[in-house]
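A.B. asks: One structure coming up, written as structure tokens, with questions to follow.
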């Protein structure tokens, strides 16, 4: 695309008032957003008065880079492009004290959350078999995504387990607040609460910008929807870009209704449709259009190919999942024998995380390189958690989870019994744990070696706070002061493992160095915010994996936003796609599954293969399957007697 097509031109040149840009798959939405921001700036809108909001760090970075290329890097002022969560961190850093939290609040990652959840469940005597910490966090996350406080959540409970979760939720939130901490979902929830509770602050934050652009609007949850309305309500220069046909995150609180009712919420809104697809061949698009037309709740639109017709997509039936895997891999192997084909050109997409096992087995047999997208984040590693916890406490954000993490790591004679006594004492006397460890208040009697350990730790943190010099130098001195290298050597006798773990510590310091060199006014607090927000962005880890020249195995949810020359969608059976959970509720669940299948199909640029197994093993026994209703819809056979309606 060297110029804007008519739809893109219309969107870019509508520069005031509410605007909904319905951007179908592969229609160049990022191009429209960046061109529109550049046009606003060239028309006299100060860059710093423009706010762009995205869902991932990658999208925000890509947008900034494109704008710099269009406007030139010499501009001293830039539009503020941010993820929702980064925006909320900035707002809360300025105003969270109005909600009774400290200005230097900590942001808990998943590991920190699990520690709090485990502690809370222990307090109310709930066994893991009844409600595990991970299950509790899933339930709390669902409530927070629906903007439900502990009090409101308690009113929604039907089962005994839900009632226990509601009691635990109340304690979980209290524990976080007492520790001066928030979790990832709180960033949105507390910003929404702040704007409702403090109109003055809402007006102050809204007055910072004259234009607001929101990417992937179909993925907004209730809190994000309320935050957008609060920030844009005054100037009404709101441009949202998205595609209701690609709304696939209902399970994490996204509400497709937000984009469907945009023109009702903003009654003078203009609607621009981008329907020219630059990604897929005509044959692939024809299939996608046929499928999505079966959804009743959607904005009417039909994607048109900017490319030729291309090869007709294939639909394959196999006797079982082993044969489906072996034939799929054989097909890829044959294609790789052709000149110019590379492993990274191929993606195998599936609905559930259980499906890839036979495909991995076959790819290994064929000695073909592959990546199963997902896996452990860099920030889940013990060494990263340890060093970040030390940095938090040294920075003054001595939340309970961080203090517990560093107390005896590396070992300094503070045993489990001592830690339990410290916790009991801090709870009974309503003291924060770090002040008890420091001996600022009365402290129970402990063994001499435990007292020495606490004094040693207190001294290290005090010296770190006093130390001057760069952030990198101070952090290296802290790592040296706690003798963390000796801890790594102690825990990992294998030389290769030791070096690998120590390299992780080095990478933390490297990340700090990169931040310090690029930030205008570097602070440890901002660095920790960036690190922890990056930890919550699965896109970053995914991007690293996608750089490899390997066949990609991933869920259709993970594939959103990506494209591949050749795509295989496997397991098109009732109960898998659509997933059995979606069949238990109303039509909304099936419609979201249909959108998910649509997203999978529109990842393919050149070639597409859809497949199913006629039988599939369950608990070791082979069972007959039912073809997915989507196969009938894709092939124009919705009048077939075996078609599953509804």
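Numbering (the numbering used here), first residue to last: 82 to 727.
For each residue, glycine too, the CB sits at the ideal point set by N, CA and C.
1) Can you tell which of 139, 275 and 658 has its C-alpha closest to the C-alpha of residue 676?
2) With DSSP collapsed to three states, give me the class of residue 161.
3) Per DSSP, which one or two residues make a beta bridge with residue 632?
4) Within this structure, are the beta carbons of residue 692 and residue 476 separated by less than 8 Å?
5) What is the DSSP secondary structure of residue 527, reduced to helix, strand or coil?
6) Can you look up residue 692 in the DSSP assignment and give me helix, strand or coil?
7) Considering only the beta carbon of each residue, do residue 481 and residue 260 sit closer than 8 Å?
8) Report yes or no: do the stretch 631-647 and the stretch 584-591 share at least 3 C-beta pairs separated by less than 8 Å?
9) Measure the alpha-carbon distance for residue 82 versus residue 355 and round it to whole angstroms.
10) Output the distance between the C-alpha atoms of residue 503 and residue 231, rounded to the nearest integer angstrom.
11) Can you tell me whether residue 82 is helix, strand or coil according to DSSP?
12) From which residue to which residue does the alpha helix (DSSP H) around residue 427 run?
13) Taking all protein chains shown into account, decide if residue 501 is buried (16 or more other Cβ within 10 angstroms of its Cβ) or exposed.
14) Going by alpha carbons, who is nearest to residue 591 out of 614, 551, 628 and 288?
15) Cα separation between residue 111 and residue 678?
16) State yes or no: is the C-beta of residue 359 within less than 8 Å of the C-beta of residue 322?
17) Do you know how far the Cα of residue 139 is from the Cα of residue 286?
18) Around the Cβ of residue 187, are there at least 16 other Cβ atoms within 10 angstroms (buried) or fewer (exposed)?
19) For residue 645, name the three-state secondary structure that DSSP assigns.
20) With three or more beta-carbon pairs closer than 8 Å as the criterion, would you say the stretch 142-153 touches the stretch 249-259?
21) Cα-Cα, which of 109, 142, 258 and 191 is closest to residue 178?
22) Suppose you measure from the CA of residue 703 to the CA of residue 632; what does that come to, to the nearest Å?
23) Along the chain, where does the beta strand (DSSP E) that runs through residue 187 open and close?
24) Classify residue 573 as helix, strand or coil using the three-state DSSP reduction.
25) Please name the residue in 578, 374 and 296 whose C-alpha comes closest to that of residue 339.
26) Secondary structure at residue 382, three-state DSSP: helix, strand or coil?
27) Could you tell me which of 262, 244, 541 and 305 sits nearest to residue 274, measuring between CA atoms?
28) What number of angstroms, rounded off, separates the C-alpha of residue 117 from the C-alpha of residue 316?
29) If you draw a straight line from the alpha carbon of residue 605 to that of residue 572, how long is it in whole angstroms?
30) When burial is assigned at 16 or more other CB atoms within 10 Å of the CB, is residue 292 buried or exposed?
31) Could you please give the first and the last residue of the uninterrupted beta strand (DSSP E) stretch that includes residue 349?
32) My output table needs one value for residue 360: the three-state DSSP class, helix, strand or coil.
33) What residues match up with residue 215 in a beta bridge as DSSP calls it?
34) Taking just the CA atoms, how far does residue 371 sit from residue 715?
35) Have a look at residue 337 and residue 379 and give me their C-alpha separation to the nearest angstrom.
36) For residue 102, name the three-state secondary structure that DSSP assigns.
C.D. replies: So, from the data block:
1) 658
2) strand
3) 451
4) no
5) coil
6) strand
7) yes
8) no
9) Note that residue 82 scores a pLDDT of 43, beneath 50, so its modelled location is shaky and nothing firm can be said.
10) 28 Å
11) With a pLDDT of only 43 at residue 82, under the threshold of 50, the placement of this residue in the model should not be trusted; the figure read from the coordinates follows. Residue 82 falls in the coil class under three-state DSSP.
12) Residue 427 -> not in any alpha helix (DSSP H); beta strand (DSSP E) instead, spanning 427-431.
13) exposed
14) 551
15) 23 Å
16) no
17) 25 Å
18) buried
19) strand
20) no
21) 258
22) 29 Å
23) 187-189
24) coil
25) 296
26) coil
27) 305
28) 17 Å
29) 28 Å
30) buried
31) No beta strand (DSSP E) contains residue 349, which DSSP labels as neither H nor E.
32) coil
33) Paired residue(s): none; residue 215 is not in a bridge.
34) 6 Å
35) 9 Å
36) strand
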